[in-house]
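These notes are about the structure you will find just below.
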Amino acid sequence: MLEIQKITSYINQSDQRGEFLGLINRGNWQEINFVKTRAGKVRGSHFHRKTNEVIFLVTGKVDIELCDCNEPDKKTKLLLNAGEGVKITPFIFHTFHYLEDSVHIQLLDIPFDVKNQDLHSLSSIEN
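When you number the sequence shown by the working numbering, it's gap-free, plus one each residue, and the end is 132.
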């Protein structure tokens, strides 16, 4: 079985002012994105050759399918609820199925380059 672990916040505090949720306090993240997705939609369906990615779900619910591109028999599914995240390493094919309207924060350790995209389909492994 493919070993992918959920990420939890490193700190979660609240007081009379509101709430503070610490998402990530390690790593070398070069790009951070705020993403809204409607229920019933799909994102991903690709893998990265170089980029590490973290998806941290702020609101909603997402069903994720993951597959190791180097060992296609190694597959797993996990359900992310609000307040949970997942780190996706290179060569992990990932597809996100949004079960509810959702908001997530996306972190990339290599900035997205429109001219040289690190987005690949499973068929590109053979090339």
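The beta carbon of each residue, even a glycine, is placed where N, CA and C say it ideally should be. All values derive from a computational prediction rather than experimental measurement.
- Assignment of L62 by DSSP, reduced to helix, strand and coil, places it in the strand class.
- The residue from G88, F101, I37 and C74 with its alpha-carbon nearest to that of P95 is C74.
- No Cβ-Cβ contact shorter than 8 Å links H109 with F52.
- If you draw a 10 Å sphere on the C-beta of I97, you find 16 or more other C-beta atoms in it, and that means buried.
- Spanning the alpha carbons of L104 and E24 requires a straight line of approximately 25 Å.
- Between the segment 63-74 and the segment 10-18 there are fewer than three inter-stretch CB-CB distances shorter than 8 Å, so the stretches are not counted as touching.
- Assignment of beta strand (DSSP E) within the segment 46-101, counting only whole runs of 3 or more residues, yields 47-51, 58-64, 66-73, 76-86 and 89-93 in chain order.
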